[in-house]
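Student: Below is a structure I'd like to ask you about.
There are 2 protein chains.
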Amino acid sequence: SVNPDLASERQTASFSVEKLTALLDGGAEKTRIRRAVVEAIESDPVFSRENQYFQTQNERYEAAVRKAVHLQKKMHELGWTENGSESKYIYRALSGDVAFLLHRVFMRSISVLGSDKQIAKWIPLATQLQVIGSYAQTELGHGTYLQGLETTAVFDIATQEFILNTPKISAMKWWPGDLGRSATHTVAFAQLYIHGKCYGIHPFIVQIRSLQDHSLCPGITAGDIGPKMNFEHIDNGYLLLKNVRVPRENMLSKFCEVRPDGTYVRQGSQKINYFTMTTVRISLIADEVLTPLMKACTIAIRYSAVRRQSKLKPGEQEAKILDYQTQQEKLLPQLAAAYAFHFINDYLQELFDRGYREIKRKNFDMLPELHALSSGFKALVTHHSTAAVEICLRACGGHGYSLLSGLPSLYTKILASCIYEGENTILLLQTARFLIKCFTAASAGHPVPPSVTYLAAVKPGKCPAKSKLDFFSPDIYTEAYQHVAVRLISSTASKLQDLIQSGVKKYDAWNQCTVQLVQAAKAHCHYITVKNFAETVEKLETKAGIQKIMKHLCDLFALHGIFSNTGAFLHDGYISAAQMDMVTASYLDLLAVIRKDAVPLVDAFDFTDKSLNSALGSYDGQVYQRLYEWAQKSPTNEMSPAYEKYLKPLLHNTLSKL
Amino acid sequence: SVNPDLASERQTASFSVEKLTALLDGGAEKTRIRRAVVEAIESDPVFSRENQYFQTQNERYEAAVRKAVHLQKKMHELGWTENGSESKYIYRALSGDVAFLLHRVFMRSISVLGSDKQIAKWIPLATQLQVIGSYAQTELGHGTYLQGLETTAVFDIATQEFILNTPKISAMKWWPGDLGRSATHTVAFAQLYIHGKCYGIHPFIVQIRSLQDHSLCPGITAGDIGPKMNFEHIDNGYLLLKNVRVPRENMLSKFCEVRPDGTYVRQGSQKINYFTMTTVRISLIADEVLTPLMKACTIAIRYSAVRRQSKLKPGEQEAKILDYQTQQEKLLPQLAAAYAFHFINDYLQELFDRGYREIKRKNFDMLPELHALSSGFKALVTHHSTAAVEICLRACGGHGYSLLSGLPSLYTKILASCIYEGENTILLLQTARFLIKCFTAASAGHPVPPSVTYLAAVKPGKCPAKSKLDFFSPDIYTEAYQHVAVRLISSTASKLQDLIQSGVKKYDAWNQCTVQLVQAAKAHCHYITVKNFAETVEKLETKAGIQKIMKHLCDLFALHGIFSNTGAFLHDGYISAAQMDMVTASYLDLLAVIRKDAVPLVDAFDFTDKSLNSALGSYDGQVYQRLYEWAQKSPTNEMSPAYEKYLKPLLHNTLSKL
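Just so you know, the sequences run in chain order C and X.
Okay, so the first sequence: first residue is 1380 according to my numbering, each after it adds one.
Okay, so the second sequence: first residue is 1380 according to my numbering, each after it adds one.
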């Protein structure tokens, strides 16, 4: 039975939840397929996550391997293929709780960087899990800056082999998933040396464990890097190479080859590689960022509708905490952000599909823009979503802090997304570099890519809003965001210019501007997110109340951004103090409006109880019963030896004294 | 041997690290005592935290009980007493990794709320750990709002007993530490009923486990609430009471008593109880908030001085990440905040000591101010410090995410401080209520407590700064903070007034202002923190470079607050756009200045390697070696059964195919 406090929230929905779910999925047919996948996965006990919060790292790893092996079998049985319509839903249905993700990167890198012969040899084996691969790029002392990698691969003409070494401790490969315990092979990146000359970083297939008994191969030292904040199920590993020899054929050679005589040949374009990196940054947004964000919103908002605390009106029963303005102000902007980021993700996917089609036609013109957008949005979305999940956790008070709420593991997992696949600050500076270039070009009247044409059309002016209702106009707030982005980009470009003209070295000047460059890059991405949300809402069908509620969320996302960052809009007087008070009033008014639909808006995300895995967030809202039942199963409810060892001697003779 | 990249940072310190340590400790003699305590604790293997990051919740609990029992013995041996000069350093030296903290709250509540007879009976037993107590207030469905607690205690005249019940699942006691597995007794809070009339919440000593065999007593259901984000060593518990009878003597009766005939007698003043609550909020700042913040700064800054990544200048070696402006902008404001909060903690401690002396003289005048300050500063300091530790963690990139860095556990621990002992938003609203009251009083010319007299002297005016150097003047920035605090308090007071005058009910009006009330309360506390830091610096001795570096940190703390919240200062034009650009310039300039002393400034916190328990933060900066050595000891480097069970069947026949 559904908690009446939650049931009542659903009776007054202003829109069709099912229609909104279909919109999020991209059509009712996709919703059907997704649900079928979820049903197939969740009805299979091998994929159960029931005891996850009670398990050790070792137990989590073992379960993840079991699931990965079982998944392969199951996909075969059900006729699901790698490129089938079901495949994009499998990972979400498993909540990512499965091994061999880096094995997939191993396969992808061979597919993209390997010769046809290499692909023909390795891909079938890897597909059948007859080898298990990893992807060994990052080193203990080296991350983002690939040129700094220290692992070496020296070509030995005599034996036609590469000799791989990690010459120093800082050169040790560190972090690769599936490497710590599972992998038999890895793609290791190393500085290629031929006749003493360095040719830079290249990928080599290296066997690390015996296929016979899984023991480490000669010259290999490898293992697990130990506990992390999350990803207990993944065996992130380390790898030391000491004179490890691999045959010449093991250098992935689609683009670069070492001939038997030691001649180095570069062929084709490497640009496609950068494109692969940028697509990874975009592709992680849906599964690794949006899903946890939407789950956190679901849990925190459902809980806030059943948790009662203190009295809002004297004489009445205690109020639902969702009725407090401060609670609304914590949660509803995160809900709006989840929708905003869902739509920007759609936009980016579409843009990247288009980019990929162009690149296949050998047109690489879009690459700089795509790189800038993928870097900036990876950083923006992961940063905001991580903050959002933390807010959701804290908004649930003590119960949010229990692992059983599901929120701690969502937080610790999403937090990693700010660091992996390019640390956010570094990515934002890449976006900023692109923006400064485009701004300079635009100022000189040169053409610039579509997403930055607005930099060419800088209008001074002031915000024309006259009443607080004007701030519900997308034109008004979108232009305000655009204005701020232009201002921050242009003022930082000027500062950079001034420093260089005053004699500061270019690299020093850049470093002295980086704090502001980061701000400018964020403002640019924020502007595009708002603009895209507004344009998406514009195009929605007006039926079933969908457009209206999405418009409210778009307004809230935009106004929350202004309210939380007033200085950027006030700085040059674009928005006046009186207008800012209107923003605040409209923003606070909107909270009360959206609050009415808060539960239906998270219901539309359509998470099953099993996928939420949360005592606070279940569809029926029976929070207290669930927490209690669940806690009783915790291994901490077994008898502890601490009693016999330490307490009994102290307590045993107390009786006579009482 | 110390990593040369770290050693070089220490050679150029502009001040005496040892003198600064003594300043932080409150004198060189205190430093000596603290170090002696640390030495005694750390040299004892029972207190080792070496394997902490590898342990399960059960193992952590057992170790914490072992340490608590051993500590009692050790204190006796060394002649350390509860109130001795050593005692305040013990908990820090143990990094809080010890059981029976709630047992101490059990004792304190009996000491404060119990009659002399009750004290005489229970305190000696509890001191010897011959009973183990807990403190059962919070319920599954009830936290901050004490009046809402549902547990009942009905007086039965016939047997002279109270009959305790948790009538619903939401009434179950939930969270109390030491209750889940250890406690034999607890102080349970329940609604007292006599002859069917409710007299509100009262405390009762209830035995929950047998002293003979530790089994649960009749009518008691209790256990551990399961895994949390941290505090694995604590057995936070649940407790259901079903017709549990306790003798009349077990109601703590210093202030309230039930006579044998059922007459209810209230005696003395309960105000002192509120004072106890407020002192707890202040007393947690040092150990639970400042220590983790200072540790996080130490780890992140030392790591940033040895981690090299990318090139700052072409042709040079990779740069220390501490030399990047963006990294400085992440870490140095957190370092400044650690100092700011250290000094505000001193200020609050002194104020509360004074308050306590007054209260003992039956003068309760200071109570409202102390309550407002303790609430606001608990919220401000825990909020900022939690954000700061998260920034430190993320600033260390992937390695920060490893448990071995120490940062994840510092973060997950400090995060709890935002929730326990009063959820931060609720506390800030208590401060806001006080501020609104005082503002109204001050406006009417009535006297107000010392910390808010500034509300009476509202001057309009503008910031007089003329150059960026002016923003290094404490008068300039302190007045700016004061101005913002007054503006936010007065504008929210007006909004509240307007709403009420327009016919909105008082409680509705309050709810509609709470987002802004929270902002006002934060601004007030932020102002006092800046002012106190500036005044502290003013009084420091000018010798040994201490005053100069503290002045820099004070400036940085103040300017960072303006830079991060420009809108509040720009809103009414108190600071102009041109002045804000000066703030930005001064702030960024200052980063480069303080960067030079960053390592000595964290060295002054004087944490031993054992207390940091971090592969990134050790004094010698041998980060990579330590990560590698440590990871090898992880239980995840044992052979996993997953190979035999799942992988071997797949891999075993691959050889023939390669």
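We put the CB at the ideal spot given by N, CA and C, even for glycine.
1) Please go through the same chain and pick out, in chain order, the residues whose beta-carbon is closer than 8 Å to the beta-carbon of VAL1883/X, but skip the five residues on each side of it.
2) Kindly say whether LYS1621/C, judged by its beta-carbon, lies nearer than 8 Å to any beta-carbon of chain X.
3) Which runs of the alpha helix (DSSP H), 4 residues or longer, sit entirely within the segment 1781-1815 of chain C?
4) How many Å lie between VAL1644/C and VAL1768/C at the Cα?
5) So is ASN2032/X buried or exposed if we call it buried at 16+ other beta carbons inside 10 Å?
6) Using the beta-carbon count (16 or more within 10 Å), is LEU2034/C buried or exposed?
7) Go through the segment 1388-1461 of chain X residue by residue and report every complete run of the alpha helix (DSSP H) that reaches 4 residues or more, in order.
8) Can you have a look at GLU1708/C and say buried or exposed, based on whether 16 or more other CB atoms are within 10 angstroms of its CB?
9) Which one or two residues does DSSP pair with ILE1928/X in a beta bridge?
10) Residues of chain C with CB closer than 7 Å to the CB of ALA1795/X, please, in chain order.
11) Relative to the C-alpha of ALA1499/C, which residue among ARG1439/C, LEU2026/C, LEU1932/C and GLU1628/C is closest?
12) May I ask you to list, following chain order, the residues of the segment 1428-1450 of chain X that have a beta carbon less than 9 Å from some beta carbon of chain B?
13) In angstroms with no decimal places, state the Cα-to-Cα distance between VAL1981/C and THR1523/C.
14) Below 8 Å, can you find three or more Cβ-Cβ pairs linking the segment 1720-1739 of chain C to the segment 1757-1767 of chain C?
15) Checking contacts by CB at 8 Å: is ALA2021/C closer than that to chain X?
16) Pick helix, strand or coil for TYR1703/C, following the three-state DSSP scheme.
17) Could you check the C-alpha separation between LEU1620/C and GLY1556/C for me, to the nearest Å?
18) Count the other CB atoms, across all protein chains shown, that sit within 10 Å of the CB of LYS2036/C; report buried if there are 16 or more and exposed otherwise.
19) Answer yes or no: does any C-beta atom of chain X fall closer than 8 Å to that of THR2015/C?
20) Taking 8 Å as the threshold (beta carbon to beta carbon), is THR1705/C in contact with chain X?
21) Does DSSP put ASP1951/X in a helix, a strand or coil?
22) Which residue wins for smallest C-alpha separation from VAL1668/X, given the options PRO1582/X, GLU1636/X and SER1788/X?
23) Using a Cβ cut-off of 8 Å, pull out every chain C residue sitting near GLU1697/X, in sequence order please.
24) Which residues in the same chain as ASP1985/X place their Cβ atom closer than 7 Å to its Cβ, once the five residues preceding and following it in sequence are excluded?
25) In chain order, what residues of the same chain have a beta carbon less than 7 Å from the beta carbon of THR1953/C, not counting five sequence neighbours either side?
26) Indicate whether at least one CB of chain C lies closer than 8 Å to the CB of MET1486/X.
27) To the nearest angstrom, report how far apart VAL1417/C and GLU1800/X are at their CA atoms.
28) Exposed or buried, which one is THR1839/X when buried takes at least 16 other CB atoms within 10 Å?
29) Can you check whether the C-beta of GLY1801/C is within less than 8 Å of a C-beta belonging to chain X?
30) Over what stretch of residues does the alpha helix (DSSP H) that includes PHE1912/C continue unbroken?
31) Determine whether the beta carbon atoms of ILE1815/C and LEU1878/C lie at a separation below 8 Å.
32) Against ILE1723/C, what residues of chain X qualify as contacts under a CB-to-CB distance less than 8 Å, listed in chain order?
33) Under 7 Å, CB to CB, which of the residues in the segment 1887-1906 of chain C have a partner in chain X?
34) Anyone know if the C-beta pair for MET1929/C and SER1846/C falls short of 8 Å?
35) Does any CB atom of chain C fall closer than 8 Å to the CB of LYS1975/X?
36) Along the alpha helix (DSSP H) that carries ASP1495/X, what are the first and last residues, could you check?
Tutor: In this structure, then:
1) GLN1891
2) no
3) 1786-1795
4) 49 Å
5) exposed
6) exposed
7) 1396-1404, 1407-1421 and 1436-1457
8) buried
9) ILE1928/X is not bridged to any residue.
10) TYR1780
11) GLU1628/C
12) Protein chains in the displayed structure are C and X, and chain B is not among them.
13) 36 Å
14) Because the criterion of three Cβ pairs below 8 Å is met, the segment 1720-1739 of chain C and the segment 1757-1767 of chain C touch.
15) yes
16) coil
17) If you draw a straight line from the Cα of LEU1620/C to the Cα of GLY1556/C, it is about 17 Å long.
18) Answer is exposed; the Cβ neighbour count stays below 16.
19) yes
20) yes
21) coil
22) SER1788/X
23) TYR1524 and GLY1527
24) THR1400
25) The question names Thr, yet the displayed sequence has Tyr at residue 1953/C. So the qualifying residues of the chain are LYS1841, CYS1842, ALA1859 and HIS1862.
26) No, MET1486/X does not count as interfacial toward chain C.
27) 41 Å
28) Looking at the sequence itself, residue 1839/X is Pro, so the reference to Thr does not match. Classification for PRO1839/X: exposed.
29) no
30) Unbroken alpha helix (DSSP H) run through PHE1912/C: 1893-1918.
31) Judged by their CB atoms, ILE1815/C and LEU1878/C are not nearer to each other than the 8 Å cut-off.
32) Chain X residues near ILE1723/C: none, gap ~22 Å exceeds 8 Å.
33) Listed in sequence order: ASN1890, GLN1891, THR1893, VAL1894 and VAL1897.
34) no
35) So, not an interface residue.
36) 1495-1506
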